[in-house]
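Reviewing the structure listed below.
Numbering (this note's numbering), first residue to last: 2 to 286.
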């Protein structure tokens with residue numbers, strides 16, 4: 002079953018003193034383009050998290066965000082007393098205000114607070130990994146639901162092209178005889194003497210160039226192969242894209258050989274349906 006590259010997954014877990022939130026968004030892309038927003042204290046684990054995401058999502062423009070919020074009494078920020086006293090001393094030299102006011106101003110200055118780097122807690126990181134797994138399950142569920150919508154649309158449009166191919170086959174019955182009559186009339190209007198045998202040979206050769214039997218067979222095979230690939234276990238947007246190219250090649254050849262207005266009109270309808278498939282195909286994983 003195909004999957005869309007568009008999706009969203011989110012999961013939140015509450016630890017005794019921290020709240021962990023993971024959000025993952027994805028859009029279509031030719032390859033994996035992963036943008037990660039991670040707290041600085043967990044940067045050393047970024048490659049491990051990226052590998053997990055890449056394995057689960059394979060392809061797409063991915064935005065991954067990890068938020069860790071302290072909900073207990075713990076804090077990693079402390080007052081930088083030495084720097085703070087220096088600020089107050091300098092401020093007192095230029096402003097005659099009480100100490101409480103000096104402290105209020107100094108605390109806003111750069112480096113007045115310092116953040117002590119915390120070691121990564123093993124249990125906390127396990128919780129992050131578990132949260133990530135659930136968020137990935139959510140986004141893949143979203144992708145599968147979007148994929149089903151695309152699948153229904155593809156089946157509908159391929160069925161339409163197959164129906165149009167049936168019209169092509171009906172029109173093709175009289176097409177060559179119509180072309181033959183048109184050529185014979187054009188030659189007759191020239192009022193010249195012709196070698197009938199030679200003319201017949203040239204006419205047959207000319208009409209063979211306009212024969213679309215092989216194109217009709219190949220087009221039908223490509224359409225069937227497209228539908229079969231849609232039903233495969235794994236989503237393979239690239240493979241479906243290649244099949245679309247082959248479908249387009251046969252449709253274009255039929256159009257170029259048509260030389261018959263009613264058939265060319267049907268070919269235009271085929272191209273319209275195929276272009277809509279190609280537009281949606283950009284979003285298939």
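No residue lacks a Cβ here, since even glycine has one placed at the ideal position from N, Cα and C. From a predicted model like this one, the values you see are computed outputs, not experimental measurements.
Check, Outcome
"In three-state terms, what does DSSP make of residue 29?", "coil"
"So, at 6 Å on beta carbons, what are the nonlocal neighbours of residue 168 in its own chain, with the 5 sequence-adjacent residues on each side left out?", "267"
"Does the count of Cβ pairs from the stretch 248-268 and the stretch 21-40 closer than 8 Å reach three?", "no"
"Note down the Cα distance separating residue 223 from residue 257, rounded to an integer number of angstroms.", "19 Å"
"Our contact map puts residue 112 next to residue 81 with C-beta atoms below 8 Å; I'd like the distance itself, whole angstroms only.", "6 Å"
"Across which residues does DSSP place residue 22 in a beta bridge pair?", "13 and 68"
"If you draw a straight line from the C-alpha of residue 179 to the C-alpha of residue 171, how long is it?", "14 Å"
"Spell out the partners DSSP gives residue 38 in its beta bridges.", "66"
"Would you mind stating whether residue 2 and residue 157 have Cβ atoms separated by less than 8 Å?", "no"
"Report, in whole angstroms, the separation of the C-beta atoms of residue 129 and residue 25, which I expect to be a contact under 8 Å.", "The Cβ separation is near 13 Å, so there is no contact."
"Give me whichever residues DSSP pairs with residue 114 in a beta bridge.", "80"
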